[in-house]
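Using my numbering, you'd call the opening residue of the sequence shown number 2 and step up by one each time. We treat Cβ as the ideally placed atom computed from N, Cα and C, and that holds for glycine. The model shown is predicted, which means the values in this text are computed figures rather than measured ones. Read through the structure below, which is laid out as structure tokens, and then see the notes.
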Amino acid sequence: MTLKLNGSSSGSVSIDAPASTTGGADVTLKLPVADGSASQLLKTDGSGNLGWGTGGKIVDIKQAFKTDYFTSSSTSYVDIPGLTITHTLADSSNKLLLTFHVVMGAAWWNASVTFIQLLKDSTAIAVPTQSGLDSGLTGTSMACNYSNNANNSSVNVSLITASYLYTPGDTSSHTYKLQGKVSGGAYNFRVNGVEGYSTYGATSTLTLMEVAG
Numbered sequence: 002m003t004l005k006l007n008g009s010s011s012g013s014v015s016i017d018a019p020a021s022t023t024g025g026a027d028v029t030l031k032l033p034v035a036d037g038s039a040s041q042l043l044k045t046d047g048s049g050n051l052g053w054g055t056g057g058k059i060v061d062i063k064q065a066f067k068t069d070y071f072t073s074s075s076t077s078y079v080d081i082p083g084l085t086i087t088h089t090l091a092d093s094s095n096k097l098l099l100t101f102h103v104v105m106g107a108a109w110w111n112a113s114v115t116f117i118q119l120l121k122d123s124t125a126i127a128v129p130t131q132s133g134l135d136s137g138l139t140g141t142s143m144a145c146n147y148s149n150n151a152n153n154s155s156v157n158v159s160l161i162t163a164s165y166l167y168t169p170g171d172t173s174s175h176t177y178k179l180q181g182k183v184s185g186g187a188y189n190f191r192v193n194g195v196e197g198y199s200t201y202g203a204t205s206t207l208t209l210m211e212v213a214g
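In structure tokens, the structure reads:
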């Protein structure tokens with residue numbers, strides 16, 4: 002069966018049903034209640050309800066770069082300036098792939114452990130945790146343990162990196178950021194620098210990629 006719609010002045014558009022449906026079932030498709038936004042596509046929820054969705058797999062990409070030096074001796078989490086991204090999902094079913102690379106440095110006498118955590122607004126997002134470094138961990142921190150060389154005469158630089166696939170589940174604006182702390186003692190964690198070398202061209206990044214659901 003063909004449904005034919007004639008243009009107001011000339012031409013026509015036709016919609017054809019398939020010769021048969023799966024199992025001979027009657028299929029009902031319900032159109033959306035409003036126009037979609039530019040570049041959106043018509044999609045189904047699998048139950049016959051049609052709606053507008055974002056086309057393609059990668060919807061948006063944002064990245065924060067930090068090239069300056071930051072240090073803190075806080076044993077409670079503090080924001081790492083510059084590694085912050087504010088984002089609003091185009092569709093509540095979309096996901097975010099959040100990836101960070103943070104260059105951390107410490108002096109050779111720094112026997113503490115440095116922790117990094119990723120947050121949405123004020124809530125920590127689960128990031129893989131290295132076990133055995135801090136009994137107080139709740140599974141929302143990425144830990145890096147600095148090590149010394151044999152003669153205790155070096156400075157150490159580590160790259161803390163992780164990726165996390167996250168579904169905010171809404172289209173509200175949220176801020177994603179990184180925080181850091183040290184496990185204890187009078188020691189600092191340092192971003193993009195080490196003791197005595199606060200400027201050596203290092204870059205830390207936070208990347209957000211929105212993926213169509």
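Alpha carbon to alpha carbon, how far is residue j from residue i? Give it in angstroms, no decimals.
| i | j | result |
| --- | --- | --- |
| M105 | L84 | 14 Å |
| V212 | G54 | 12 Å |
| L1 | L119 | Residue numbering for the chain in the displayed model covers 2 to 214; residue 1 lies beyond these limits and cannot be assessed. |
| L4 | D17 | 6 Å |
| N7 | G49 | 26 Å |
| L97 | F190 | 28 Å |
| D36 | L43 | 10 Å |
| N146 | S184 | Caution is warranted here: a pLDDT of 42 is assigned to N146, below 50, making its placement in the model unreliable, and the coordinate value is therefore given only provisionally. Straight-line Cα distance between these residues: approximately 10 Å. |
| Y177 | A39 | 27 Å |
| G12 | T124 | 57 Å |
| T22 | A163 | 46 Å |
| D122 | G25 | 50 Å |
| A203 | N193 | 5 Å |
| P33 | S15 | 19 Å |
| N95 | A65 | 21 Å |
| L99 | M2 | 48 Å |
| Q1 | S174 | Absent from the structure is residue 1, since the part of the chain shown begins at 2 and ends at 214. |
I'd like to confirm the pairing. Which residues does DSSP put opposite residue i in its beta bridges?
| i | result |
| --- | --- |
| S123 | None; S123 has no bridge partner. |
| I62 | M210 |
| L30 | Its beta-bridge partners do not exist; DSSP assigns none. |
| A163 | F101 |
| Y177 | I86, K121 |
| T3 | D17 |
Assuming residue i and residue j make a contact with CB atoms under 8 Å, what is their CB distance in whole Å?
| i | j | result |
| --- | --- | --- |
| K182 | F116 | 5 Å |
| V103 | L179 | 7 Å |
| G170 | S93 | 6 Å |
Are the beta-carbon atoms belonging to residue i and residue j less than 8 Å from one another?
| i | j | result |
| --- | --- | --- |
| L207 | I86 | yes |
| K63 | L209 | yes |
| D46 | G52 | yes |
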